[in-house]
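Here's the structure, in structure tokens; my notes come after.
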Ligand code: PMP
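Numbering (the UniProt record's numbering), first residue to last: 1 to 394.
Spelled out as structure tokens, the structure:
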């Protein structure tokens with residue numbers, strides 16, 4: 001059965017990690033895969049998560065199955081947390097999923113079931129998995145203009161102009177904050193303009209929120225989503241707890257359907273449960289149980305908020321330091337965009353050749369297209385990154 005199989009394509013980001021591991025140079029630098037690292041280069045277990053996990057180990061008296069929608073307490077807390085203050089909360093329904101990856105797949109399958117001819121529009125560029133997941137659901141995928149390689153910011157005028165062609169058979173996939181890979185986010189005025197267009201033209205926004213709390217703060221990072229949720233009858237949301245709770249390997253996320261009525265949303269939820277049943281049946285509980293415990297315990301929640309805020313502040317500090325070092329080493333302001341970007345990543349516009357040179361000659365690993373994981377840097381490695389970039393002619 002397997003003899004005639006072709007060789008599977010390698011995942012570009014995961015294979016970068018392998019190449020990095022095999023590099024014997026001591027001063028090598030891994031800015032590929034999207035994980036947060038502290039100043040020691042470690043991806044820590046957050047203290048609030050550790051405390052909740054210990055309590056859970058002590059108090060949990062059963063490992064019996066939960067249900068197709070996962071941990072319903074988690075589902076309620078997540079939707080309240082995200083949609084608090086909007087009328088959309090009362091017309092939403094949520095399932096817990098294995099990470100936002102699972103949420104993207106369940107929501108993609110739901111779109112394909114509800115509207116098989118739908119086209120999903122993704123930003124150019126977008127998260128590497130958006131297109132494969134939506135295509136795996138049988139959906140057509142098209143791109144809208146997003147990143148301007150000259151300014152390293154979003155070309156919001158071109159984006160909005162392109163969205164004018166969308167109609168009721170279209171779904172618009174947006175990054176809630178901290179755009180992956182570029183780091184360039186849209187302004188509130190553009191969120192507003194998207195709401196206007198969706199109202200007039202009937203397309204459905206689908207917000208992927210994987211980095212809430214890493215951009216400016218939890219509320220600011222959800223402001224665009226809340227604006228759409230308040231104004232529009234239908235919005236889909238994929239949420240990740242991988243980054244903001246540091247629960248990467250626990251595969252914790254949620255898929256939220258906002259409908260014109262609660263009954264509509266519950267129908268969407270019911271179909272996602274049916275689809276989950278035929279996929280993985282139910283998501284792993286551990287991460288969701290931890291998140292639920294943190295969100296409903298004031299002291300743990302405060303501890304989590306403080307830790308998250310410290311991570312956000314550290315990323316912003318690294319961005320400022322990068323800009324300062326680039327300014328003095330290059331005697332120019334051409335790297336100032338690092339401080340304009342938000343979240344873990346920045347697209348730097350390095351060519352494929354420069355990226356290759358960076359790893360081969362400098363031992364610095366970044367993703368193709370020049371995506372740098374700023375959150376993977378430590379303060380004492382900034383100089384290394386700056387000199388390596390300038391050495392390859394960035
Ligand atoms: N969406 C975006 C934009 C992402 O960057 C990621 C992960 N890097 C995901 C979804 C998936 O996250 P997870 O499955 O770990 O929750």
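In this text, a Cβ means the ideal position worked out from N, Cα and C, and glycines have one as well.
> In chain order, what residues of the same chain lie with their CB nearer than 8 angstroms to the CB of residue 199, ignoring the 5 residues before and after it?
Replying inline: 231, 232
> Any heavy atom of the ligand PMP closer than 7 angstroms to the CB of residue 29?
Replying inline: No, Cβ of residue 29 sits at least 7 angstroms from all heavy atoms of the ligand PMP.
> Under the DSSP definition of a beta bridge, which residues are partnered with residue 258?
Replying inline: For residue 258, which the question treats as bridged, DSSP gives the partners 92, 235.
> Going along the chain, which unbroken runs of the alpha helix (DSSP H) with 4 or more residues stay wholly within the region 259–288?
Replying inline: 262–277
> If we ignore side chains and look at the alpha-carbon of each, how far apart do residue 304 and residue 55 end up?
Replying inline: 15 angstroms
>> I'd like the span of the alpha helix (DSSP H) that includes residue 130, first residue to last.
In response: Residues 130–136.
> Whose beta carbon lies closer than 5 angstroms to any heavy atom of the ligand PMP, going through the chain in order?
Replying inline: Residues lining the ligand PMP by the Cβ criterion, that is a Cβ closer than 5 angstroms to any of its heavy atoms, are 34, 99, 100, 101, 127, 180, 208, 210, 240, 242, 253 in chain order.
>> Among the candidates 109, 49, 42, 266, whose CA atom is the shortest distance from the CA of residue 278?
In response: 109
>> So if DSSP puts residue 341 in a beta bridge, which residue, or which two residues, is it bridged to?
In response: For residue 341, which the question treats as bridged, DSSP gives no partner whatsoever.
> CB-CB under 6 angstroms to residue 206, same chain, minus the five flanking residues each way: which ones, in chain order?
Replying inline: 171, 173, 236
>> Less than 8 angstroms between the beta carbons of residue 346 and residue 374, yes or no?
In response: yes
> Between the beta-carbon of residue 311 and the beta-carbon of residue 68, is there less than 8 angstroms?
Replying inline: no
>> Quick check on the DSSP output: the alpha helix (DSSP H) that includes residue 325 runs from which residue to which?
In response: 298–330
>> I'd like to know whether the C-beta atoms of residue 397 and residue 318 end up nearer to each other than 8 angstroms.
In response: Here the chain comprises residues numbered 1 to 394, so residue 397 is not present and cannot be evaluated.
> Roughly how many whole angstroms lie between the Cα atoms of residue 215 and residue 337?
Replying inline: 15 angstroms
> residue 205 lies in the alpha helix (DSSP H); which residues open and close that run?
Replying inline: Note, residue 205: premise wrong, no alpha helix (DSSP H); beta strand (DSSP E) at 204–209.
>> If you follow the alpha helix (DSSP H) that residue 216 is in, where does it begin and where does it stop?
In response: Neither: residue 216 is in no alpha helix (DSSP H) and is coded neither H nor E.
> The alpha helix (DSSP H) with residue 353 in it runs from where to where?
Replying inline: Counting along the chain, the alpha helix (DSSP H) containing residue 353 begins and ends at 352–362.
> Taking the C-alpha atoms as reference points, what is the distance between residue 245 and residue 165?
Replying inline: Cα to Cα, residue 245 sits roughly 38 angstroms from residue 165.
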